[in-house]
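J.: In this note's numbering, the protein residues as written are 71 to 359.
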Ligand SMILES: [Zn+2]
C-alpha cells in the first residue's frame with residue numbers, strides 16, 4: 071500500500087515492503103501485531119490542510135500548490151500518501167493501548183497546510199497530532215524529528231501551539247528552508263556518533279525537564295546515516311540504533327507512548343535504509359536490543 075511507482079528515483083520506493091518482509095522473517099518479532107492501515111478520512115486532512123490545496127491534490131493537478139513536490143502527482147501516489155496518513159492516525163489511536171506503535175510509512179514532515187514540499191504531499195504527523203488534541207485538549211505532544219532534514223512543516227504548523235513541542239535535529243546547511251521549531255539543533259556535516267548522541271541526550275533532558283509530553287511522535291529518519299546519498303552526517307549503523315534506544319528510554323522514563331514513523335532514508339545501498347528502519351523496530355519492540 072505504501073510503495074510508490076516512481077521508476078528510477080532517489081526515493082527508495084519499495085522500502086516499505088522490504089521492512090515488512092524483514093519483520094515477518096524475524097522470530098524475535100513474532101509477538102508484534104501487524105495491521106493494515108485504512109485510507110485517511112478526508113475530514114481529518116482538513117484539520118491541517120487547506121481546502122484549495124486538497125482540491126488541487128485530489129484532481130492531480132500541477133498547480134503552484136502541488137508543484138514544490140519532488141514526486142510525480144498521480145492517483146496511485148496520492149493513494150499511497152492517504153494510506154501513510156491512515157497508518158500514523160491508526161498508530162496514534164492504538165497508542166492508548168500500546169506504548170510503542172510503529173508506522174512503516176509516514177513522517178512526511180515537509181508538507182505544509184497549503185502546499186506540498188520535498189517528497190511530502192500530506193503531513194501525517196500533524197494530522198494525527200490535531201486528532202489527538204481534539205480528544206485530549208489539555209494534553210501535550212512532543213514531535214521529535216531526528217530525520218536528516220529539518221521538519222519544517224511541523225515547525226510551521228505548530229509554531230503558536232504551546233501544547234505541541236517541535237524538536238528537530240538535522241543537518242543545517244541543506245534543504246529545506248528552515249522554520250522555527252521549539253528546539254532546533256543544526257548539525258555540521260561530518261558529525262560522528264559520540265558527539266551526536268551527547269547532543270541528543272542533552273536535548274532530551276531539557277525537553278524532559280521543561281515540557282514533559284503526554285505523547286511522543288518520533289520521526290526516525292534513516293538519513294543521518296554515514297552511507298546516505300543526500301546527507302553528510304557520519305552516524306554509523308550502531309549509532310543509529312543507539313539513537314533509537316535513547317528515544318525508547320525517554321519514552322519509558324516518562325511512561326508515555328511513542329508513535330514511530332519511518333520518514334526519509336536514501337542510503338547508497340538501499341538495503342542499509344531497510345536495515346536502519348528494521349533495527350528501529352527491533353529496538354522498540356524486542357527486549358533483546
Ligand atoms: Zn530526510
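By construction, the Cβ of each residue, glycine as well, lies at the ideal position given by its N, Cα and C atoms.
Alpha helix (DSSP H) containing residue 194: first to last residue?
T.: Start and end: 194 to 205.
J.: Does the distance from the C-beta atom of residue 108 to that of residue 153 stay below 9 Å?
T.: Going by C-beta atoms, residue 108 is nearer than 9 Å to residue 153.
J.: What do you reckon, is the C-beta of residue 217 under 8 Å from a heavy atom of ligand 1?
T.: It does: the Cβ of residue 217 is within 8 Å (strictly closer) of some heavy atom of ligand 1.
J.: What ranges does the beta strand (DSSP E) occupy inside the segment 212 to 258, keeping only unbroken runs of at least 3 residues that lie completely in it?
T.: You should have 234 to 241, 253 to 257.
J.: Quick one, are the C-beta atoms of residue 292 and residue 260 less than 9 Å apart?
T.: Taking 9 Å as the Cβ cut-off, residue 292 and residue 260 do not qualify as a contacting pair.
J.: Which residues does DSSP pair with residue 328 in a beta bridge?
T.: Residue 328 pairs with 170, 286.
J.: What does the alpha-carbon distance come out to for the pair residue 365 and residue 285?
T.: Nothing can be reported for residue 365, as the shown portion of the chain is limited to 71 through 359.
J.: Three or more C-beta pairs closer than 8 Å, one from the segment 296 to 303 and one from the segment 132 to 148: is that the case here?
T.: The answer is no - the segment 132 to 148 does not touch the segment 296 to 303, with fewer than three Cβ pairs under 8 Å.
J.: Grab the span of the alpha helix (DSSP H) containing residue 156 for me, first residue to last.
T.: 145 to 164 is the extent of the alpha helix (DSSP H) around residue 156.
J.: Alpha carbon to alpha carbon, what distance is there between residue 123 and residue 170?
T.: When rounded, the distance between both Cα atoms is 32 Å.
J.: Rank 344, 254, 212 by C-alpha distance to the C-alpha of residue 329 and give the top, closest one.
T.: Comparing Cα positions, the closest option is 212.
J.: Can you name, in chain order, every residue of its own chain whose Cβ lies under 7 Å from the Cβ of residue 226, other than the five neighbours on each side?
T.: Contacts found: 182, 249.
J.: Report the option in 327, 357, 237, 198 whose CA atom is closest to the CA atom of residue 165.
T.: Checking every option, the nearest Cα to that of residue 165 belongs to 327.
J.: For residue 234 versus residue 210, is the C-beta spacing smaller than 9 Å?
T.: In contact: residue 234 and residue 210 (Cβ atoms closer than 9 Å).
J.: Considering only C-alpha positions, which residue in the set 116, 86, 113 is nearest to residue 67?
T.: Nothing can be reported for residue 67: it is not among the residues displayed for the chain, which extend from 71 to 359.
J.: Taking DSSP's pairing of strands, which residues face residue 305 in a bridge?
T.: Beta-bridge pairing links residue 305 to 295.
J.: Looking at C-alpha atoms only, which residue of 282, 126, 98 is the closest neighbour of residue 184?
T.: Here the closest residue by C-alpha is 126.
J.: Locate the alpha helix (DSSP H) running through residue 122, then write down its first and last residues.
T.: Looking at the DSSP string, the run of the alpha helix (DSSP H) that includes residue 122 is 121 to 128.
J.: Let me know the secondary structure DSSP gives residue 210 once reduced to three states.
T.: Note: residue 210 maps to coil in three-state DSSP.
J.: How big is the Cα-Cα spacing for residue 120 and residue 135?
T.: Going from the Cα of residue 120 to the Cα of residue 135 covers about 10 Å.
J.: Out of 202, 339, 130, point me to the one whose CA is closest to residue 161's CA.
T.: If we check each option's Cα against that of residue 161, 202 comes out closest.
J.: Following the continuous alpha helix (DSSP H) through residue 96, name the residue where it begins and the one where it ends.
T.: Note, residue 96: premise wrong, no alpha helix (DSSP H); not H, not E.
J.: Please report the residue range of the alpha helix (DSSP H) in which residue 354 lies.
T.: Its alpha helix (DSSP H) spans residues 340 to 355.
J.: Have a look at residue 207 and residue 283 and give me their C-alpha separation to the nearest angstrom.
T.: If you take the alpha carbons of residue 207 and residue 283, they lie about 13 Å apart.
J.: On a CA-only basis, which of 356, 336, 288, 357 is nearest residue 84? Give me that one, please.
T.: Comparing Cα-Cα distances from residue 84 to each of 356, 336, 288, 357, the minimum goes to 336.
J.: Between the alpha carbons of residue 345 and residue 158, how many angstroms are there, rounded?
T.: Each residue's alpha carbon lies about 21 Å from the other.
J.: Comparing alpha-carbon positions, which option in 324, 278, 350 lies nearest residue 312?
T.: The residue with the shortest Cα to Cα distance from residue 312 is 350.
J.: Where do the N-terminal and C-terminal ends of the alpha helix (DSSP H) with residue 264 fall, by residue?
T.: First-last of the alpha helix (DSSP H) with residue 264: 263 to 280.
J.: With a cut-off of 8 Å on the beta carbons, I'd call residue 251 and residue 223 a contact; round off their distance for me.
T.: Rounded, the Cβ-Cβ distance is 11 Å, inconsistent with contact.
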